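Numbering (the working numbering), first residue to last: 190 to 319. All residues carry an ideal CB built from backbone N, CA and C; glycine is no exception. As the structure is a prediction and not an experimental result, all values here were calculated from the model. Below: the structure, in structure tokens.
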Amino acid sequence: MLAVALLLQAAPDLPAPAPPLPSDWSDLAPMPFVAPPQITAPLDKFVADEIAAGRCAVAKPGDGHYVVKVDVAALVDAAGAVRRAVPRAMGCPTVEQYSAGLVTSFARANLQVRPGTLWYRATLVYDWRG
């Protein structure tokens, strides 16, 4: 019994478990970016190429003007680091994962630090003429 008590005292404080991803993303606060991310033409091109290759379930618009929105939920810790990024399914796994990676990249050294580990939502909008 004494050995168990000593082990518990010597054990480091474990971090609190991460909060689960809410099922209703509409309640998530927007990502606290210091500078909002900018989707540039090369970023749009990757998405355009995926759609042109038929890897995405996105219909061609009548006027040729594509607007593809991808929501990403991101778990951000108190230090402002993204611990997890989860894209919302939109019929194109490569673009979903690409968007999750972009949100993580855009967040590096670009988030307002807030207490706790919380989920946020970012929406990336890809916009081009096809």
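Top-ranked residue by Cα proximity to residue i, from the options
i: Asp213; options: Thr229, Tyr309 and Arg318; result: Tyr309
i: Val259; options: Thr293, Pro276 and Asp216; result: Pro276
i: Thr312; options: Ala262, Cys281, Arg272 and Ser294; result: Ala262
i: Trp317; options: Ala237, Cys245, Gly280 and Arg303; result: Ala237
i: Gly269; options: Ser288, Arg303, Ala230 and Ala207; result: Arg303
i: Ala242; options: Pro225, Cys281, Pro219 and Pro231; result: Cys281
i: Val247; options: Ala278, Pro206 and Leu291; result: Ala278
i: Ala274; options: Pro206, Gly305 and Leu210; result: Leu210
i: Cys245; options: Thr306, Glu285, Ile228 and Asp266; result: Glu285
i: Ser288; options: Val265, Ser215 and Pro226; result: Pro226
i: Thr293; options: Asp216, Phe222, Ser215 and Ala207; result: Phe222
i: Leu264; options: Tyr315, Thr306 and Ala218; result: Thr306
i: Ala207; options: Val314, Arg272, Tyr315 and Asp233; result: Arg272
i: Asp266; options: Val314, Asp233, Met220 and Thr283; result: Met220
Alpha helix (DSSP H) segment containing residue i, residue limits
i: Lys258; result: Taken as a continuous stretch (DSSP letters only), Lys258 belongs to no alpha helix (DSSP H), being part of the beta strand (DSSP E) at His254 to Val265.
i: Val236; result: Ala230 to Ala241
Terminal residues of the beta strand (DSSP E) in which residue i lies
i: Pro276; result: Val271 to Pro276
i: Trp317; result: Leu307 to Arg318
Residues bridged to residue i [DSSP beta-bridge criterion]
i: Phe222; result: Leu300
CB contact below 8 angstroms: residue i versus chain B
i: Gln301; result: Included in the structure is just one protein chain, with no chain B present.
Counting Cβ pairs, one atom from each stretch, are 3 or more of them under 8 angstroms apart for the region 291-305 and the region 249-256?
They do not touch, by the three-pair rule.
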